[in-house]
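The sequence shown runs 4 to 136 under the numbering used here.
In this text, a Cβ means the ideal position worked out from N, Cα and C, and glycines have one as well.
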Amino acid sequence: MQLNKIIEDYIVSDQVTLDDIKKIKEAGFKTIFCNRPDNEEANQVTVESIKKAAIANNIKFVHQPVIGGQITQEDIDQFSDYFEASEKPIFAYCRTGTRSSMLWALSESGKRSVDEILNLTSKAGYNLSNLFL
Numbered sequence: 004m005q006l007n008k009i010i011e012d013y014i015v016s017d018q019v020t021l022d023d024i025k026k027i028k029e030a031g032f033k034t035i036f037c038n039r040p041d042n043e044e045a046n047q048v049t050v051e052s053i054k055k056a057a058i059a060n061n062i063k064f065v066h067q068p069v070i071g072g073q074i075t076q077e078d079i080d081q082f083s084d085y086f087e088a089s090e091k092p093i094f095a096y097c098r099t100g101t102r103s104s105m106l107w108a109l110s111e112s113g114k115r116s117v118d119e120i121l122n123l124t125s126k127a128g129y130n131l132s133n134l135f136l
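Here it is as structure tokens:
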């Protein structure tokens with residue numbers, strides 16, 4: 004698990020394990036977003052397992068699976084709704100953190116400048132310049 008801060012209340016990561024949930028709780032996160040579908044690769048921890056562990060640790064859990072390169076406006080709008088309604092800080096994960104970063108970046112389009120969005124995501128380790136071509 005690698006924590007990559009996009010903004011103060013939104014941190015993204017690669018795939019988490021059940022052992023990571025306690026660390027996520029100890030770090031003060033209130034909500035976990037999972038942007039990864041089940042069965043994307045062999046031996047991937049299931050969403051249901053992560054969700055149960057999160058709830059057992061009093062962390063809210065949101066599952067919004069998306070496929071990179073196939074994110075729709077509906078996905079972006081749904082993410083925005085989840086983001087606004089969720090208790091912060093939010094810990095979001097997918098396989099590498101890129102999809103979680105992309106959803107945030109696309110949802111912020113129109114609220115922040117493209118330069119600011121790309122600067123924030125770049126500092127977190129994600130080059131999303133192709134999103135805004």
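Give a yes or no on contact between the stretch 10-30 and the stretch 58-68, applying the rule of three or more CB pairs nearer than 8 angstroms. yes
Pull up the CB-CB distance for Leu-106 and Asp-78, whole angstroms please, since I reckon it's below 8 angstroms. Between Asp-78 and Leu-106 the Cβ distance is about 7 angstroms, and since that is below 8 angstroms, they are a contact.
Identity of the residues DSSP links to Ala-95 by a beta bridge: Val-15 and Phe-36
Lys-33: which of Pro-92, Met-4 and Phe-86 sits nearest, CA to CA? Each of Pro-92, Met-4 and Phe-86 was checked against the Cα of Lys-33, and the nearest Cα belongs to Pro-92.
Are the beta-carbon atoms of Asp-17 and Thr-124 separated by less than 8 angstroms? no
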